[in-house]
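Structure first, then comments.
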Amino acid sequence: MERSHALSKSLKTTWKQYEDKVHLAKDSQSSKNIHQLRISTQKLEAILTLINSINLTHGSNSIVYLIKKVRKSLGPLRDLQVEATAFSRLNEQKLKGEKLNLFSKFFNLQKVKAQKKAAHSLEDISLKHDKIRVLKLAQKLSLIESKKNKYKIQDQMDHQLKKTVIKINKDLKKINPCEVKQIHKFRIKVKKLRYQQECLNSLPDRLLIDFENIKDVQDIAGRIQNETVLIKTLDKFLSKKKNCEDQKIIKFREDLVISQAKHIKKDFSKITPFEWAT
1247 MERSHALSKS
1257 LKTTWKQYED
1267 KVHLAKDSQS
1277 SKNIHQLRIS
1287 TQKLEAILTL
1297 INSINLTHGS
1307 NSIVYLIKKV
1317 RKSLGPLRDL
1327 QVEATAFSRL
1337 NEQKLKGEKL
1347 NLFSKFFNLQ
1357 KVKAQKKAAH
1367 SLEDISLKHD
1377 KIRVLKLAQK
1387 LSLIESKKNK
1397 YKIQDQMDHQ
1407 LKKTVIKINK
1417 DLKKINPCEV
1427 KQIHKFRIKV
1437 KKLRYQQECL
1447 NSLPDRLLID
1457 FENIKDVQDI
1467 AGRIQNETVL
1477 IKTLDKFLSK
1487 KKNCEDQKII
1497 KFREDLVISQ
1507 AKHIKKDFSK
1517 ITPFEWAT
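In this note's numbering, the protein residues as written are 1247 to 1524.
Have a look at this one:
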């Protein structure tokens, strides 16, 4: 990628990826398509946020708002698709009976509702109008990159990313492992940083953020978040009077809580601060 127009080209490339994922998800709401579409919104948001943070041009906030809205609307379906894999353990353990059938009906109903919501959200996506906004922004950015000293822009990007790394490392030290919400927020920040540095690391001779442990962070924090979502769904089922004494589901929930506690104590506690490499 040409250094002098790195951001504008990255923006157009990332938009094209998002556009393609929207079409795929509209054709089929498969677990893979929904997941990849949500990732594409995160990547697009990451580069737009970086552009906005170094004050090169304006106009990105409205686009960020729209893609965050898309990602949020698809969240419930994605959660249920992830949960479906975990809940298959109930069948693998051959836990059968009337109560399990009740849970299956409950879970399937939640999934149908999420699918309908996702379908409406996908229909509401206006790629034509959003594309015009993004391409106009990319054009403005390209003009600025042509006029402005390319090394000054590079220094601004480096400075912003380094500030983010420092902030994330401070956040890591402050996290209370008992607060799963804090772990989830940390995971989101790390994701955004990863996508920003992926864009910039595609340039030759670039400073790199040392992310040897980023996969560990995403895997560990992601597993903890998945367990949190699973527990919430089980709680929703058990909150109904007719289900509150379902011992099979209660036992499954207890196992999840124990598993999550182990992941936090054994795995998350070993996560080390990120380093800025040269």
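Cβ coordinates follow ideal geometry from the N, Cα and C atoms, glycine included.
Computed from a prediction, not measured in an experiment: that's the story for all the values here.
Glu1391 sits in a helix when the DSSP states are folded into three classes.
Considered as a whole, the segment 1450-1499 harbours 1460-1484 as its complete alpha helix (DSSP H) runs of no fewer than 4 residues, in chain order. Note on geometry: alpha-carbon atoms of Asn1472 and Ile1504 lie some 14 angstroms from one another.
Under the three-state reduction of DSSP, Glu1425 is assigned to coil, being neither helix nor strand.
Buried is the label assigned to Thr1479, since at least 16 other Cβ atoms lie within 10 Å of its Cβ. For His1509, there is no enclosing alpha helix (DSSP H), as DSSP marks it with neither H nor E. Counting C-beta pairs with one atom in each stretch, the segment 1255-1275 and the segment 1421-1435 have fewer than three that are closer than 8 angstroms, which means they do not touch. Within the model, the alpha-carbon separation for Ile1280 versus Ile1510 is close to 27 angstroms. Distance from the CA atom of Glu1291 to the CA atom of Lys1363, rounded to whole angstroms, is 22 angstroms.
Judged by their CB atoms, Phe1483 and Ile1414 are not nearer to each other than the 8 angstroms cut-off.
Between the C-alpha atoms of His1375 and Leu1381 there is a straight-line separation of about 10 angstroms. Comparing alpha carbon positions, the residue from Ser1276, Ile1477, Ala1384 and Leu1312 closest to Ala1365 is Ser1276. One thing to note: Ser1286 has its Cβ no nearer than 8 angstroms to the Cβ of Lys1314. Segment contact: the segment 1486-1506 against the segment 1438-1445, fewer than three CB-CB distances shorter than 8 angstroms; contact not assigned. For Lys1318, the closest of Ala1332, Arg1284 and Ile1293 by C-alpha to C-alpha distance is Arg1284.
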